[in-house]
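Residue numbers (the working numbering): 1 to 289.
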C-alpha cells in the first residue's frame, strides 16, 4: 500500500517537473550551445553536437564494457582472470580506432575554422573599438560613427531594484544596427586594455587588443535584437559593457542609414570627447547615484 502511494506521488512529481521544463521554461534552462542566427553559429553548433554524440557513444561503449565485466567476472561468481602478457591484435585495434575517431573530428573542425576565418569579400565593414567602459562603432563605408554605452535605465537600476528593469545590464543607448543577409566584416580593436566582443547568437567572440586589429565576419539571417557583453576581464566596470546588435531587413537598414545622415547634418548626437563618454558610461558617476 505504502509503495503504491509512493509510486503515485513520484509519478505526479515527475509529471509536474515535465510540465515545468516544457516550452519557455525549458528554453530558460537551456544548457546547450545556442544554434544562433548566422552561418558560423550554426556551423559551430553542428560541430559541437557531432563531437558531443561521438563522446556519448564512446562513454556508453566504455562504461558498458566495464559494467558487464564487473558483473560477469565478479568474485562471487568465482571468475578466473585470463593470464596473458600482451595482445598484438588488441594493441593494433585500440590504436587504429582512436586514430579514426580523431580524424573524423579533426576534418570537420578544420573546415569550420577555415570557414570562420574567411573574411574576404564583405558587403560592408564596421570598426569596433572597446574602451573603459563602452564601445565605439564606425561604419567604414557609410561614414557613421557613434559610441554605445550602458543605458541610463539600467545604470540607475544598479542602485535600486534590478528586477524591475528588463534586460538588466544588457541594454545600451545606441544599438549596433546591421542589415540581414549581408556579409559584414568587423575590425575589432581597443583603446586602453584588452576587451572582447561577444554576442552568443552570432556564434563568435574576438579579443579587442590595443594597437592590434582582429577580424571576424558575420551574416545575420534573422531580423531581431541580439545581446552580448564584453567577455574579457577589463577592470572595475567590466560587467557594465553590454553589446546590443539590431538586425534589420535591407530596406529598414537603408532607412536607418538615411536617418543617421540627416542627424549628422543637424549636429553631433554624441559627445566627441572620449573623456566625456567614459564619465557618462561609468556606473559610479554622480548622476547615476
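Where a beta carbon is used, it is the ideal one built from N, C-alpha and C, also for glycine.
Taking contact to mean 3 or more Cβ pairs, one atom from each stretch, closer than 8 Å, check whether the stretch 237-245 and the stretch 159-172 are in contact.
yes
Straight-line Cα distance separating residue 261 from residue 144:
8 Å
Per the DSSP calculation, residue 145 is bridged to which residue(s)?
138
Give me the Cα-Cα distance between residue 128 and residue 215, rounded to the nearest whole angstrom.
10 Å
Pairwise C-alpha distance: residue 152 and residue 121
38 Å
Does the distance from the CB of residue 200 to the CB of residue 181 come in under 8 Å?
no
Which residues does DSSP pair with residue 241 in a beta bridge?
Partner(s): none; residue 241 has no beta bridge.
For residue 183, write down the residues that DSSP places opposite it in a beta bridge.
DSSP lists no partner for residue 183.
Which residue's Cα is closest to the Cα of residue 103: 133, 116, 54, 142?
54
For residue 124, which residues does DSSP report across the bridge?
184
From residue 112 to residue 179, what does the alpha carbon distance come to, in whole angstroms?
24 Å
Along the chain, where does the alpha helix (DSSP H) that runs through residue 59 open and close?
39-72
Cβ distance (whole Å) where residue 315 is taken to contact residue 183 below 8 Å
The structure shown has nothing for residue 315, since the chain only spans 1 to 289.
To which residues does DSSP link residue 205 through a beta bridge?
198
Could you tell me which residues DSSP pairs with residue 217 in its beta bridges?
185
Let me check understanding here. Comparing Cα to Cα, which of 41, 72, 88 lies closest to residue 81?
72
How about residue 232 and residue 37: do their beta carbons lie closer than 8 Å?
no
Between residue 249 and residue 105, what straight-line distance do the alpha-carbon atoms span, to the nearest angstrom?
36 Å
With burial defined as no fewer than 16 other Cβ atoms inside 10 Å of the residue's Cβ, what is the status of residue 94: buried or exposed?
exposed
First and last residue of the alpha helix (DSSP H) that includes residue 260?
250-266
Taking the straight line between their C-alpha atoms, what separation do you get for residue 44 and residue 107?
13 Å
Can you tell me which of 195, 206, 136 puts its alpha carbon nearest to the alpha carbon of residue 175?
136
Residue 208 to residue 97 span [Cα, whole Å]
41 Å
DSSP state of residue 34, grouped into three classes?
coil
Excluding the five sequence neighbours on either side, which residues of its own chain have a C-beta within less than 8 Å of the C-beta of residue 64, listed in chain order?
none
If you reduce the DSSP assignment to three classes, tell me which class residue 117 lands in.
helix
Span of the beta strand (DSSP E) around residue 227:
224-230
State the start and end residues of the unbroken alpha helix (DSSP H) segment that holds residue 152.
152-157
State the Cα-Cα distance for the pair residue 21 and residue 59, rounded to the nearest angstrom.
Interpretation of residue 21 is limited by its pLDDT of 42, a score under 50 that renders its predicted location unreliable; the figure taken from the coordinates is listed afterwards. Each residue's alpha carbon lies about 26 Å from the other.
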